[in-house]
Structures are given as C-alpha cells and as structure tokens.
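Student: Here's a structure for you.
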Amino acid sequence: MSMQRLRVAVIADYAEEGWPSMDLVAEMLMTHLAREHAETIDAHLVRPPMRRRLTRVRALAGRRRIKGLDRVAARLWDYPRALARLASRFDVYHIVDHSYAHLVHALPHARTIVTCHDVDTFRSVLQPRDERRSAAYRWMTRRILTGLGRAARVACDSDATRRALITLAHLPEDRLAVIPNGTDTGGQPDADAAADFEAARLLGPRRVPELLHVGSTIERKRIDLLLDVFAAVRRARPDARLIRVGGPFTAEQRVRARELGVLDAVVVLPFVDRATLAAVYRRSALALLPSEREGFGLPIIEALACGTPVVASDIPVLKEVGGPAVTYCAVGDRETWAQTIVRLLIERESDPVAWRQRREAGIVRAEAFSWSRYTSSVYELYRAVAGRPAGQSSRETVTL
2 MSMQRLRVAV IADYAEEGWP SMDLVAEMLM THLAREHAET IDAHLVRPPM
52 RRRLTRVRAL AGRRRIKGLD RVAARLWDYP RALARLASRF DVYHIVDHSY
102 AHLVHALPHA RTIVTCHDVD TFRSVLQPRD ERRSAAYRWM TRRILTGLGR
152 AARVACDSDA TRRALITLAH LPEDRLAVIP NGTDTGGQPD ADAAADFEAA
202 RLLGPRRVPE LLHVGSTIER KRIDLLLDVF AAVRRARPDA RLIRVGGPFT
252 AEQRVRAREL GVLDAVVVLP FVDRATLAAV YRRSALALLP SEREGFGLPI
302 IEALACGTPV VASDIPVLKE VGGPAVTYCA VGDRETWAQT IVRLLIERES
352 DPVAWRQRRE AGIVRAEAFS WSRYTSSVYE LYRAVAGRPA GQSSRETVTL
C-alpha cells in the first residue's frame, strides 16, 4: 500500500502584480518540494488569475489609482472567495507573502502557515507616527495583520523580523520560526557564456568599474542616498558607472540624478531572468544596498554567491545576513559610503590577493543559504501543523 502524502497548498501572489522576490520564493519552494520531498509531500501551487474590473475600461486602464483599486478588490474579495472553495482539500496551507496574510481568514487557521519577509507592510498600524495612511489603508493593514496573528505558524526570513513581530505586533514566540531565504542555483561565480553574452548586450562591454543596485525604488531603499553617494564616487572615479536592476526611477529620482550630473552614467535595467541577473552581478565591481529597512536583503547573498563584494547599510538584519563577509556603512552617512566604495575600488585594482580573499569569503558566506535548506525547514513546519496526512495526487497548479 502506498504511503499517503501530506497535501500542501502553496499560496502565491497574483502573477499580475509582478513581485519577483515573492514569485521566487513560491517557485523555489515548489521546485525543491518536488525534487526532495515528493514521497511525503503533494504540493499544489495556488495562484488564481487576477480579475480585472476597472482596468478593463480602456480610458481607465493606464491610471495608477485605478490599477490599485483593481488590486485591492482582487486581494480582499476575489482571492478569499477562491480559497474558501479549497478549505477542505489540503492538510496544510502556506501563504508565501505576508502581505496576503488576510487570506488566513478564509482558511483553517490552525493548519495555515505564513512566511513573513518584513514588517514594513504593517508600519501604518504598528508605527503610525512614522507612516501616516488613510483610514481605509489602515483598515486593510489591520485585516492583514490579524490574519498573520491567527496563523498556526509564521516563518520569518530573519531573526530581526522575528524580534520585530514579537516587540511590535506582540505575536507569541512559540509560533514564530526563523527560516532564511536561499540563493538560486543560477547565482554562481563561474561564467555562463549565454547569460554573460546577454548581460553584455544589455550593458555593453565591461570597460569601467560598475556599481550595482538590485531592488525596487520605494522610499526605504534609499535611492536618494544611492544617487548622492554615486555622485561623490564619480568625483574620485569619473569612469564609474551605476547599474540599476529592478525597474525605472521615479520622476523625482530622475530629477535628482540629473541635478547631480550622473543620469548619463546610470543604466537602468528592468527585472531580468535569474541567469542574466547572476551575470550582471558577476561583472559588477561592487553591489550596494543602502536601505534603511529590510526584512532579509536577498541581493546580499545573491551578490556574494556570484563572487561580488557588497557594501550595505549597518542595520541589524543586513549584518545578520551578510556577517563578516560584507562591508557596512551607517545609513545616510554619504561621506563614509563614498570613501568606502572608492577604497574598495582601489583594492580591486591594486591588491589582487586581498580582493580574491574578499570574494572567496563572500562565496563561503553565501553557501550557508540554500533553497534546499529553506525547503527542509519549511517541511518541518508543515509536519508540525498538519493533522492526519490524507490523500494522494499528482503535483499540479490548482485551477480556481
């Protein structure tokens, strides 16, 4: 008689929202559950199509506010209704993005896990003086936060996030687990001819020192600091170039770059596939992460895995992830950031032994983070919250 497998619903973000980091978590989890736990886990990806309401009207489709209203309706109304039809089909439900934690209200909460990547989503409720929002936004945030509070377990990317949930959200410690993210197998220091060719096509020949920033342009990423620091570095190294991966600057950021005289020295790439991203990391002299708040800082370990040294803000979570393999600067200290970057560029060109040791230390640090290890830890959470394992069927995407 064949062993009955644990049925798990991996609940992902709407694909239409386009959050690469959240999509990566769902994809890597599904991949490694199938590869390493297929005998005991029957995993299904749950990702309904987003219903368009207002954006179906051509005259309204391009308006940001209208898109936002469609997203809110889909998240708060459509997705919970779709999940309600699945409430008895699985042994465990895993919401991979904490900003979807309101979905816990539509599920058997005693068998639901949420991955929490940071507490930024909840600032308007937990730290209202620091982030003032409308009453409607705060209501929606409370709905998400109360869903998180009802989950059987919360998997935190970092201990910094775990401690924030305890001190700010007052979640009980015994329901929180720290499970760090992994690095994709595409992120390697070794050359990949096809990916390196694509990076060269996008960026041109590598003739100058390139500084890399990967991530969004939201306020906490401190793009203002990034641009100011880059302008200061250019005064010492006028040949330096800044590569941005993760979408275009805001209008204000473009104005600032133009005022600083660096706009022509910045190359902005869209979100690229992971192999190409790894190639961009490999060709970069340094990766920069000047954020004032993060939940994990995935670009740190992605860069280190590719052999690219990192300069990051000295906030606790980034120091937790990067350890001694990363160089840290105080948030907002433009002078120290610029001096540190220039010093490291000089080391890269004049001290190959020290530079090789720096790269090797980063690669070793990144090896501590793997999606295989991540998935094994999540698997243990599944076992902890599951009732009697039941059912057996093929791995698939659930159609709603």
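Using this note's numbering, you'd call the opening residue of the sequence shown number 2 and step up by one each time. No residue lacks a Cβ here, since even glycine has one placed at the ideal position from N, Cα and C. Just so it is clear, the structure is predicted and the values come from calculations on it, not from any experiment.
DSSP state of Val-365, grouped into three classes?
Tutor: Looking up residue 365 in the sequence shown gives position 364. Three-state result, Val-365: helix.
Student: So for Ile-180, helix, strand or coil by DSSP?
Tutor: Taking the sequence shown and counting its residues from 1, the one referred to as residue 180 is at position 179. Residue state, collapsed to three classes: coil.
Student: Does the segment 276-296 touch the segment 208-227, meaning 3 or more C-beta pairs lie closer than 8 Å?
Tutor: At 8 Å Cβ cutoff, the stretches touch.
Student: Determine the direct distance from the alpha carbon of Leu-169 to that of Ala-137, and round the result to whole angstroms.
Tutor: On the sequence shown, position 136 is the one that residue 137 refers to. On the sequence shown, position 168 is the one that residue 169 refers to. C-alpha separation (whole angstroms): 21 Å.
Student: What are the start and end residues of the beta strand (DSSP E) that includes Asp-43?
Tutor: Residue 43 sits at position 42 when you count from the first residue of the sequence shown. Residues 42-47.
Student: Would you mind stating whether Thr-337 and Thr-328 have Cβ atoms separated by less than 8 Å?
Tutor: Numbered from its first residue, the sequence shown carries residue 337 at position 336. Numbered from its first residue, the sequence shown carries residue 328 at position 327. Contact flag unset, no.
Student: Just to check my reading of the structure: Gly-434 and Leu-104 have Cβ atoms closer than 8 Å, yes? What is that Cβ distance to the nearest angstrom?
Tutor: A query on residue 434 cannot be resolved here, the shown segment of the chain reaching from 2 to 401 and no further.
Student: Tell me which residue opens and which closes the beta strand (DSSP E) that Arg-8 is part of.
Tutor: As a first step, residue 8 is located in the sequence shown; it is residue number 7 there, counting from the start. 7-12 is the span of the beta strand (DSSP E), which, as asked, contains Arg-8.
Student: State the Cα-Cα distance for the pair Asp-92 and Val-386, rounded to the nearest angstrom.
Tutor: In the sequence shown, the residue the question calls residue 92 occupies position 91. In the sequence shown, the residue the question calls residue 386 occupies position 385. The alpha-carbon atoms of Asp-92 and Val-386 are separated by roughly 9 Å.
Student: Are Asp-185 and Arg-54 close, meaning C-beta to C-beta below 8 Å?
Tutor: Position 184 of the sequence shown, counted from the first residue, corresponds to residue 185. Position 53 of the sequence shown, counted from the first residue, corresponds to residue 54. It is not a contact, given that the beta carbons lie outside the stated cut-off.
Student: If you run the structure through DSSP and keep just helix, strand and coil, what is His-38?
Tutor: Along the sequence shown, read from residue 1 onward, the residue named residue 38 stands at position 37. DSSP places His-38 in coil when its eight states are reduced to three.
Student: Any chance you could list the beta strand (DSSP E) runs of at least 3 consecutive residues sitting entirely within the segment 181-257, in chain order?
Tutor: Correct list: 211-215, 242-246.
Student: Could you tell me the distance, in whole angstroms, from the CA atom of Leu-270 to the CA atom of Trp-20?
Tutor: Position 269 of the sequence shown, counted from the first residue, corresponds to residue 270. Position 19 of the sequence shown, counted from the first residue, corresponds to residue 20. Distance between the alpha carbons of Leu-270 and Trp-20 is about 16 Å.
Student: Is it buried or exposed, Ser-89, if we count other Cβ atoms within 10 angstroms and call 16 or more buried?
Tutor: Against the sequence shown, residue 89 aligns to sequence position 88. That one is exposed.
Student: Would you say Val-311 and Gly-323 are within 8 Å of each other, going by their C-beta atoms?
Tutor: In the sequence shown, the residue the question calls residue 311 occupies position 310. In the sequence shown, the residue the question calls residue 323 occupies position 322. Their beta carbons are under 8 Å apart, which means Val-311 touches Gly-323 by this criterion.
Student: Taking its Cβ as the centre, do 16 or more other Cβ atoms sit within 10 Å of Leu-166, making it buried, or is it exposed?
Tutor: Translated into the one-based positions of the sequence shown, residue 166 becomes position 165. Buried.
Student: According to DSSP, simplified to helix, strand and coil, what is Ser-159?
Tutor: Locating residue 159 in the sequence shown gives position 158, counting from the first residue. If DSSP states are grouped into helix, strand and coil, Ser-159 belongs with coil.
Student: Taking the straight line between their C-alpha atoms, what separation do you get for Gly-139 and Ile-145?
Tutor: In the sequence shown, counting from the first residue as 1, residue 139 sits at position 138. In the sequence shown, counting from the first residue as 1, residue 145 sits at position 144. Here the sequence assigns Arg to residue 139, which means Gly is not the residue at that position. Taking the straight line from one Cα to the other gives about 10 Å.
Student: DSSP state of Leu-319, grouped into three classes?
Tutor: The residue you call residue 319 lines up with position 318 of the sequence shown. Helix, per DSSP.
Student: Write down every uninterrupted run of the beta strand (DSSP E) in the segment 71-140 whose length is 3 residues or greater and which is fully enclosed by it, in chain order.
Tutor: With a minimum length of 3 residues, the continuous beta strand (DSSP E) runs that stay inside the segment 71-140 are 93-96, 113-117.
Student: At a Cβ threshold of 8 Å, is Arg-53 touching chain B?
Tutor: Given the protein chain composition of this structure (a single chain), no chain B is represented.
Student: Could you spell out where the alpha helix (DSSP H) holding Val-379 opens and where it closes?
Tutor: Translated into the one-based positions of the sequence shown, residue 379 becomes position 378. Note, Val-379: alpha helix (DSSP H), 372-386.
Student: Using the Cα positions of Gly-266 and Arg-208, report the straight-line distance between them to the nearest angstrom.
Tutor: Residue numbering aside, residue 266 sits at position 265 when the sequence shown is read from its first letter. Residue numbering aside, residue 208 sits at position 207 when the sequence shown is read from its first letter. One detail in the question is off: residue 266 reads as Ala in this sequence, not Gly. Approximately 13 Å between the Cα atoms of the pair.
Student: May I ask you to report which of helix, strand or coil DSSP gives Ser-314?
Tutor: Along the sequence shown, one-based indexing puts residue 314 at 313. Three-state result, Ser-314: strand.
Student: Would you call Arg-376 buried or exposed, if buried means 16 or more other Cβ atoms sit within 10 Å of its Cβ?
Tutor: As a position in the sequence shown, residue 376 is number 375, starting the count at 1. Position check: residue 376 holds Thr in this sequence, whereas Arg was assumed. Burial call: buried.
Student: Output yes or no for whether 8 Å exceeds the beta carbon distance between Arg-360 and Gly-308.
Tutor: As a working note, residue 360 is residue 359 in the sequence shown. As a working note, residue 308 is residue 307 in the sequence shown. In contact: Arg-360 and Gly-308 (Cβ atoms closer than 8 Å).
Student: For the structure I just gave you, are there three or more beta carbon pairs, one from the segment 7-18 and one from the segment 40-54, closer than 8 Å?
Tutor: The segment 7-18 vs the segment 40-54: in contact.
Student: Rounded to whole angstroms, what is the Cα-Cα separation between Ser-371 and Lys-320?
Tutor: The residue given as residue 371 occupies position 370 in the sequence shown. The residue given as residue 320 occupies position 319 in the sequence shown. Using only the alpha carbons, I get a separation of about 18 Å.
Student: With a 10 Å radius around its C-beta and 16 neighbouring C-beta atoms as the bar for buried, classify Thr-251 as buried or exposed.
Tutor: Mapped onto the sequence shown, residue 251 falls at position 250. Exposed, since its Cβ has fewer than 16 Cβ neighbours within 10 Å.
Student: What residue range does the alpha helix (DSSP H) around Thr-277 cover?
Tutor: Walking along the sequence shown from the start, residue 277 turns up at place 276. Note, Thr-277: alpha helix (DSSP H), 275-284.
Student: In the DSSP assignment, what residue or residues form a beta bridge with Val-269?
Tutor: Counted from its first residue, the sequence shown places residue 269 at position 268. For Val-269, which the question treats as bridged, DSSP gives the partners Arg-245.
Student: Out of Ala-13, Glu-40, Ala-39, state which residue places its alpha-carbon closest to the alpha-carbon of Glu-28.
Tutor: In the sequence shown, residue 28 corresponds to position 27, counting from 1. When each option's Cα is compared against that of Glu-28, the closest is Ala-13.
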